[in-house]
Each structure stands twice: as C-alpha cells, then as structure tokens.
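Trainee:
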Amino acid sequence: MRRKLVAGNWKMHGSLAENQTRLTQLVLALKGNEATDVAVFATAPYLFQCKSLLAASAIKWGAQDVSQFASGAYTGEISTSMLVDFGCSLVLVGHSERREIFHETNAIVAQKFAAVLSANMTPVLCVGETLEQRESGQTLSIIVEQIKAVLEEVSIADFKQAVIAYEPVWAIGTGKTATPEQAQEVHAAIRDLLAQYDANVAQGIQILYGGSVKPDNADAIFAQPDVDGALVGGASLNSDDFVKICNAAG
Ligand code: 13P
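Using my numbering, the first residue of the sequence shown is number 99, and each one after it goes up by one.
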C-alpha cells in the first residue's frame, strides 16, 4: 500500500512573518496525522526558517528548483549540497513554470533529477501537458517524452527514490481541475510506462496530482487508485485549506 504525500508548493509567495504563522499552524494541526506524508516547498531564502520550525515535526521541506551543476561560477544558482545543508529532503524538478517561463528543457530537467539523486534527496519530477497539447490528443505522448528524457540520464532503479507529479498545465492556478477520471487515466499511463522497465518500481512510486487541488475536490481525486497525493499551489498558502487536503488524504 503506497502512502499518500501532500506537498505545498508555495511558489514565489511568503515572508518571514507569514511563513512563521503558516508553519506553526501546520505543525500544530497536523500533529495527529501520521497516515499522510506532508511536505512544503519554500523559496530558498526561507529554507532555514523551515528547518528551524519543522525539524522537530514530521513535516518535510524542500526546494522548488536546483542547479544541475555541483558548484562553480553560476551566478544566482543554488546547488544540491546547499539544499542538503538546509535540511531539504525533496526538490521539485521540471515544474511547468520552470519549463515554460525559464525555458528548462527535458534534458536540463533530467540533469537536475540526477543531481538531486546524487545528493541523496528525493526529486519530485513534474510532468504535464498544455491545453493545446491535450486538445490535439498529445497528452500521453508528451508525458512519455518527459519521463523518457529522465530515463536517458538515470536508471529505472533510481525512480525508487523519486516522486512524480502530474500537473496538467491548463489546471495550474486556473481553478480548472482535471476530472478525477482524467487524472486517473494519466496516472495509470505513467505507472504502465514505468512497469515496462520495472514492475516493482512502478508499483511503489508515489504519483501526485497537481492543478487547482482544493478541499472540496481533494476527496474525489484521492479516491482514484493511481493517485497517491497532491502537489498543491494556491490552496497551500491557506493553512486551513492545506490541512483539510492533508486530512482528506489520510
Ligand atoms: P495550483 O494548486 O495553484 O493550481 O498550483 C498547482 C501547482 O503548480 C503546484 O505545483
């Protein structure tokens, strides 16, 4: 039985004061929830604050992006070893905002995935199609391409230490959620793809859904057999909503 993981992607939101309130609320409210894995992805300046406020709790924290390079003259970049220094155990790679706005290619995402694994953290590989791609029937081929690019860089066994997040681009921040059936179809296809390489890895991997997950649609999404949790954007900024989603998972 796969455990569910609910992770909040705070994106470029927050402040020391806001985070302090939110993290304190989460620690208190989720104390009794041992059934679900919970994590937050904060921007880099706040990772130390996450470490300070979450270290004594079961809530994990991670970064929203990382450099594919180990160290060197890469102004503005943050390395995996720096994230390890700040206690991160998870890192998002290939979020659609990174792919679209910052032009991260499948190849760069694959290198980042490998870098996170080498640092003994868990990469959360984000995949998903645009509205145009869905409407032209390319959803599954796009996702297969995104995952296969990573399999060119690492082995299937490396996915034992990874999480996949299916985030249809058209559902992110739009209030337009994929139906539970649409999510299930893609999640099952991802698991089938991995099973072609290794059935155990396919069975064990957590596949999260992301895209306008809210307290009122979480139950139906989590009821799908291949949905193992959620990557939550907007609703993760509201502690009450995020806690409700976490409790819906477990
Ligand atoms: P929303 O939940 O705001 O749609 O964002 C989803 C997302 O991008 C999480 O990574």
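Heads up, the beta-carbon is just placed ideally off N, CA and C, and yes, glycines get one too.
1) State the start and end residues of the unbroken alpha helix (DSSP H) segment that holds A213.
2) For N315, which option in K246, E279, R289 has the closest C-alpha, if you only look at C-alpha atoms?
3) Ordered along the chain, which non-local residues of its own chain (more than five positions away) have a Cβ less than 8 Å from that of Q209?
4) How should R289 be labelled, buried or exposed, when 16 other C-beta atoms within 10 angstroms of its C-beta is the threshold for buried?
5) If contact is defined by three or more beta carbon pairs under 8 Å, each pair taking one atom from either stretch, is the region 188–200 in contact with the region 215–226?
6) Closest by CA to A115, which one among Y144, M99, T134?
7) According to the Cβ coordinates, are D339 and A333 closer than 7 Å?
8) Could you pull the DSSP bridge partners for W159 from this structure?
9) Note down the Cα distance separating N218 from I176, rounded to an integer number of angstroms.
10) So is G273 buried or exposed if we call it buried at 16+ other beta carbons inside 10 Å?
11) Extract the residue ranges of the alpha helix (DSSP H) inside the region 242–273, only unbroken runs of 4 or more that lie entirely within it.
12) Measuring only from the beta carbon, is N336 closer than 6 Å to any heavy atom that is part of the ligand 13P?
13) Mind checking who A105 pairs with in its DSSP beta bridge?
Mentor: In short, the structure shows the following:
1) 204–216
2) E279
3) Q166, E251
4) buried
5) yes
6) Y144
7) yes
8) V138
9) 16 Å
10) exposed
11) none
12) no
13) A137, L329
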